[in-house]
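Its first residue numbered 1, the sequence shown is counted upward by one per residue in the working numbering.
Structure record follows, encoded as structure tokens.
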Amino acid sequence: GEAVAAGTMIAADLSLRLGWLNTQEIARMNALFKSAKLPLNAPKLGTEKYLALMQLDKKVADGQIRLVLQKAIGKAVITAEYDKVKLLQTLEAIA
Numbered sequence: 001g002e003a004v005a006a007g008t009m010i011a012a013d014l015s016l017r018l019g020w021l022n023t024q025e026i027a028r029m030n031a032l033f034k035s036a037k038l039p040l041n042a043p044k045l046g047t048e049k050y051l052a053l054m055q056l057d058k059k060v061a062d063g064q065i066r067l068v069l070q071k072a073i074g075k076a077v078i079t080a081e082y083d084k085v086k087l088l089q090t091l092e093a094i095a
């Protein structure tokens with residue numbers, strides 16, 4: 001559950017940058033994970049390491065990194081249609 005929580009918060013950050021979530025929704029997610037004593041932050045691995053690990057994910061199709069992102073709380077989508085610059089910004093923020 002700990003890796004899922006940290007990954008969910010990374011995806012939430014990207015969803016926020018894409019304009020799909022707002023800061024109140026992020027705060028709500030933070031509070032829920034915190035109350036469950038789950039980590040809110042992923043380990044500091046560096047952007048390149050995260051990108052390399054993401055390439056190994058089972059959701060990669062035809063070389064495209066597909067991500068589970070939130071359009072709203074409880075409304076997730078699996079997509080490769082996202083701004084790659086914003087993904088890099090998210091990874092740089094956590095890396």
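All C-beta atoms in this analysis are idealised placements derived from N, C-alpha and C, irrespective of residue type, glycine included.
Taking all protein chains shown into account, D13 has 16 or more neighbouring C-beta atoms within 10 Å of its C-beta and is therefore buried. Note: T79 is bridge-paired with L67 in the DSSP secondary-structure output.
Taking 8 Å as the upper bound for CB-CB distance, S15 and L51 are not in contact here, some 18 Å apart.
Separation of V4 and Q64 (C-alpha to C-alpha, rounded to the nearest whole angstrom) is 21 Å. Per the C-alpha coordinates, the member of T23, K34, A11 positioned closest to Q89 is A11. For the set A61, I73, T79, the Cα lying nearest the Cα of L67 is the one of T79. Taking C-beta atoms under 8 Å as the contact rule, A6 and K44 fail to qualify, at a distance of about 11 Å.
DSSP places A36 in the coil class of the three-state scheme, outside both helix and strand.
The Cβ atoms of L40 and I73 do not sit closer than 9 Å to each other.
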